[in-house]
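Peer 1:
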Amino acid sequence: QVQLVESGGGLVQAGGSLRLSCAASGRTVSFNVMGWYRQAPGKQRELVATISSSGNTNYADFVKGRFTISRDNAKNTVYLQMNSLKPEDTAVYYCKAQPFIGSVANYWGQGTQVTVSS
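Sequential numbering from 49 applies to the sequence shown in my numbering.
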């Protein structure tokens, strides 16, 4: 059974950095698209960044120039380097993995809390 486990969240001051990791288990074949989403209290879950199996990336406008997504296909792991963090980045960050092209059923992690203090 496939499981995604996020790690790396925590409390950081504004302007600081964090690196999130999402490790997938139960699957030996690389996922198609992997990505990070976030959900702040009282708000809908929103896309942060995605990366394809070939390394093509896509970012939400509000993180461009501050966050970098990367992946290690051999480890089925995706990362999110977050720099210049702002209080409005405070949210639970979730990892998502699409098993293959065209799949509508995706895997989600349990989330990791990121809190940015002002």
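Glycine included, each C-beta is placed from N, C-alpha and C at the ideal position. No experiment lies behind these values; they were computed from the predicted model shown.
Does residue 49 pass the burial test, meaning 16 or more other C-beta atoms within 10 Å, or should it be called exposed?
Peer 2: So residue 49 ends up on the exposed side.
Peer 1: Need the endpoints of the beta strand (DSSP E) that residue 106 sits in, please.
Peer 2: Run containing residue 106: 105-107, per the beta strand (DSSP E) assignment.
Peer 1: Along the chain, where does the beta strand (DSSP E) containing residue 118 start, and where does it finish?
Peer 2: 115-120 is the extent of the beta strand (DSSP E) around residue 118.
Peer 1: I need the straight-line Cα distance from residue 112 to residue 152, nearest angstrom please.
Peer 2: C-alpha separation (whole angstroms): 27 Å.
Peer 1: Please state if the CB of residue 106 and the CB of residue 78 are separated by a distance shorter than 8 Å.
Peer 2: Not a contact, by the Cβ cut-off of 8 Å.
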